[in-house]
Ligand SMILES: Cc1ncc(C[n+]2csc(CCOP(=O)(O)OP(=O)(O)O)c2C)c(N)n1
Ligand code: SF4
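In our numbering, the protein residues as written are 66 to 602.
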């Protein structure tokens, strides 16, 4: 069998290709982006016509994948954890419709917030929607488990949430591949009402979902990835979830003296937990993320001190785990080296030299210099760096799309002028509906859509907005004369300041589109064109 050195994300992508998916549907977001990129670059996807272009946002991605499942074929959906908030409506409702073809939601959590606004734990979503959740403990398991996830989805007619965290997604290991299987043929679900969530159907389907819970738990008890491993020293038992199991193995060199309940599939098998609790004096719950299962096992009333974990301070309450944190909790010497001391002076993140956003902010700052602070609402993307020196140009960044709606809310409250700064990809992700609200309410706001023709922050993926921004704004009802395109370049500075001043002075909705390609994307594009030219010689 072939063995490859793969990132966790790549192992998942290869596993999905080998499991016979017909499409991957995704919106970029660290640490999930590499899964879709791997599939986009794979020969298998090209040869087998597997869908792999980016979606406009996580909700559209998930709904398209539900459509694939409707036909009986398999679909993978990928996003970062906060993307699941955007897709929460189809997510929870698809738990009730159930799945026809295998349907797997890959959600990448980011504990310690390396590149995110929060560290929410997606396992809560699986519990909330009452669907099975899988969580691999290493890269090989990630590869094997993705096929299992599709099989589980088809066997139990349910979508499956597949949760990874940053270290799992972004670290590499050798992965042995299995034989590849083909895609499913198109075959509709025998229950014609499954996807019609009228209340009368939904009530029946919800009861079906409740009845399936026992089966979900039985699979977690008896199928491959959860395991009860006995140990002689019963002073302590350990429940090790996902990558926590990997860290435990590192600390004990694979020979833990304590009984261990390895959890890679939820709902947690209660019979195994009971066994561990009855055999051991104390039980430590090692889970990456929120103390969800620790809290459940402990219950509201338990004060016995028998259960150790993130709630009693044995492990830190927030941030990601690592082998050394676990070693400390277990009273062991550290197994891993300390962080390598930095040889370069730390510096805050900043826009690339030559970035078009820098010229947009210089013009905006000058146009706004007569106003007090606080009038510029921004969004999430490279341009969020405008919050830092030397620009100090923006005063909010909350969630994708919130710049326009917060600017509108502030204007509604009488705090004018208000300016929203949003990127092109973020605009089509979730800014368009906010702009429609602003037009419908005749809000007094100026929206700057910074069009660098790419999704810069996540590494330069195609932007769904490409070539469409002015027509979208017109279609949403922005007046033609108040859609102004400018060139964010130093030698256009004076005229750009003038345009921004004019539109801020306008009492209504105006849109300014500073348009210049991201210099990183431009460099990659030129390099790829040169390579293609050389190859065609
Ligand atoms: C709901 C959600 N999905 C995905 C992300 C990851 N993400 C952050 S900004 C961004 C888009 C940035 O592109 P754009 O708006 O074009 O701005 P640029 O970075 O190019 O300046 C993405 C995908 C996120 N933070 N939240
Ligand atoms: S990657 Fe592109 S958009 Fe982001 S800071 Fe660099 S030049 Fe600007």
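Positions of the beta carbon are idealized from the N, C-alpha and C atoms, including for glycine. In this text the structure is predicted, and so the values were computed from the model without any measurement.
Three-state secondary structure (DSSP) of residue 241:
The sequence position of residue 241 within the chain shown is 176, counting from 1. Strand, per DSSP.
Less than 6 Å between C-beta atoms, sequence neighbours within five positions excluded: which residues of the same chain meet that for residue 136?
By one-based count along the chain shown, residue 136 stands at place 71. Result list for residue 136: 251, in chain order.
With residue 78 and residue 100 assumed to form a contact (beta carbons below 8 Å), what rounded beta-carbon distance in angstroms separates them?
As a working mapping, residue 78 is identified with position 13 in the chain shown. As a working mapping, residue 100 is identified with position 35 in the chain shown. With a Cβ gap of about 5 Å, residue 78 and residue 100 count as contacting.
Taking the Cβ atom as the reference point for each residue, do residue 458 and residue 430 lie within a distance shorter than 7 Å?
Taking the first residue of the chain shown as 1, we reach residue 458 at position 393. Taking the first residue of the chain shown as 1, we reach residue 430 at position 365. Yes.
For the stretch 297-309 against the stretch 190-210, do three or more pairs of beta-carbon atoms, one drawn from each stretch, fall closer than 8 Å, so that the two count as touching?
yes
Beta-carbon spacing of residue 161, residue 267 below 7 Å:
As a first step, residue 161 must be located in the chain shown, where it is residue number 96. As a first step, residue 267 must be located in the chain shown, where it is residue number 202. Using a Cβ distance threshold of 7 Å, residue 161 and residue 267 count as a contacting pair.
So if I measure from each beta-carbon to every heavy atom of ligand 3 and keep distances below 6 Å, which residues remain?
Of the ligands this structure carries, namely ligand 1 and ligand 2, none is ligand 3.
Just verifying my parser: in three-state terms, what is the DSSP assignment at residue 383?
As a working mapping, residue 383 is identified with position 318 in the chain shown. Residue 383 falls in the coil class under three-state DSSP.
Helix, strand or coil for residue 154, going by three-state DSSP, please let me know.
Here the question's residue 154 lines up with position 89 in the chain shown. DSSP places residue 154 in helix when its eight states are reduced to three.
What are the boundary residues of the beta strand (DSSP E) that residue 454 is part of?
The count along the chain shown starts at 1 and reaches residue 454 at position 389. Where residue 454 is concerned, there is no enclosing beta strand (DSSP E), given that its DSSP letter is neither H nor E.
What is the DSSP secondary structure of residue 95, reduced to helix, strand or coil?
Working through the chain shown from its first residue, we reach residue 95 at position 30. Reduced to three states, the DSSP call for residue 95 is coil.
In this structure, does DSSP put residue 235 in helix, strand or coil?
The residue given as residue 235 occupies position 170 in the chain shown. Of the three classes helix, strand and coil, the one that applies to residue 235 here is helix, per DSSP.
Following a CB-centred definition, is residue 471 positioned closer than 6 Å to any heavy atom of ligand 1?
Indexing the chain shown from 1 puts residue 471 at position 406. Outside the cutoff, so no.
So for residue 523, helix, strand or coil by DSSP?
Within the chain shown, residue 523 is the residue found at index 458, counting from 1. Helix at residue 523.
Which residue comes first and which comes last in the alpha helix (DSSP H) that contains residue 421?
Here residue 421 is taken as the residue at index 356 of the chain shown, counted from 1. Following the DSSP letters along the chain, one finds residue 421 inside the alpha helix (DSSP H) bounded by residues 421-432.
Looking at residue 166 and residue 192, is the spacing between their C-beta atoms short of 7 Å?
Position 127 of the chain shown, counted from the first residue, corresponds to residue 192. Position 101 of the chain shown, counted from the first residue, corresponds to residue 166. Judged by their CB atoms, residue 192 and residue 166 are not nearer to each other than the 7 Å cut-off.
Short Cβ contact (7 Å threshold) for residue 172 with residue 187:
The residue given as residue 172 occupies position 107 in the chain shown. The residue given as residue 187 occupies position 122 in the chain shown. Contact: yes.
Opening and closing residue of the alpha helix (DSSP H) in which residue 193 lies:
In the chain shown, the residue the question calls residue 193 occupies position 128. Element bounds for residue 193: 188-194.
Go ahead and pull the three-state DSSP assignment for residue 323.
If you number the chain shown from 1, residue 323 lands on position 258. The answer is coil: DSSP assigns residue 323 none of H, G, I, E or B.
Please classify residue 409 as buried or exposed, where buried requires at least 16 neighbouring CB atoms within 10 angstroms.
Stepping through the chain shown from its first residue, residue 409 is reached at position 344. It counts as exposed.
Write down every uninterrupted run of the beta strand (DSSP E) in the stretch 465-534 whose length is 3 residues or greater and which is fully enclosed by it, in chain order.
483-488 and 510-515
Hey, could you find the ends of the alpha helix (DSSP H) residue 174 is sitting in?
Stepping through the chain shown from its first residue, residue 174 is reached at position 109. Premise fails: residue 174 lies in the beta strand (DSSP E), 168-174, not in any alpha helix (DSSP H).
Hey, how far is the Cα of residue 480 from the Cα of residue 119?
Translated into the one-based positions of the chain shown, residue 480 becomes position 415. Translated into the one-based positions of the chain shown, residue 119 becomes position 54. If you draw a straight line from the Cα of residue 480 to the Cα of residue 119, it is about 37 Å long.
Name the two residues that bound the continuous beta strand (DSSP E) containing residue 575.
Along the chain shown, one-based indexing puts residue 575 at 510. Where residue 575 is concerned, the enclosing beta strand (DSSP E) stretches over 575-579.
Among 97, 348, 367 and 550, which one has its Cα closest to the Cα of residue 380?
Numbered from 1 along the chain shown, position 315 holds the residue referred to as residue 380. It is 348.
Classify residue 363: buried if its beta carbon has 16 or more other beta carbons within 10 angstroms, exposed otherwise.
Locating residue 363 in the chain shown gives position 298, counting from the first residue. Buried: at least 16 other Cβ atoms inside 10 Å.
Suppose the cutoff is 7 Å on Cβ atoms and the five residues either side in sequence are ignored; what does the same chain contact list for residue 472 look like?
Stepping through the chain shown from its first residue, residue 472 is reached at position 407. Around residue 472: 442, 483, 484, 485 and 510.
Stretch pair the stretch 391-400 + the stretch 310-327: three plus CB contacts closer than 8 Å:
The stretch 391-400, when compared against the stretch 310-327, does touch it at the 8 Å Cβ threshold.
Once the 5 residues before and after residue 497 are set aside, which same chain residues still bring their CB inside 7 Å of it?
The residue given as residue 497 occupies position 432 in the chain shown. Excluding sequence neighbours, residue 497 sits near 537 and 541.
If you scan the stretch 304-355 from start to end, which runs of the alpha helix (DSSP H) of 4 or more residues do you find wholly inside it?
308-317 and 335-344
On the three-pair Cβ rule with 8 Å, is the stretch 331-340 touching the stretch 142-158?
no
So what does residue 215 bridge to, in DSSP terms?
In the chain shown, counting from the first residue as 1, residue 215 sits at position 150. The partner list for residue 215 (beta bridge, DSSP) is empty, contrary to what the question assumes.
On the three-state DSSP scale, how would you describe residue 144?
On the chain shown, position 79 is the one that residue 144 refers to. Looking at residue 144 - three-state DSSP - the assignment turns out to be strand.
Where residue 205 sits in the DSSP three-state scheme:
In the chain shown, the residue the question calls residue 205 occupies position 140. Residue state, collapsed to three classes: helix.
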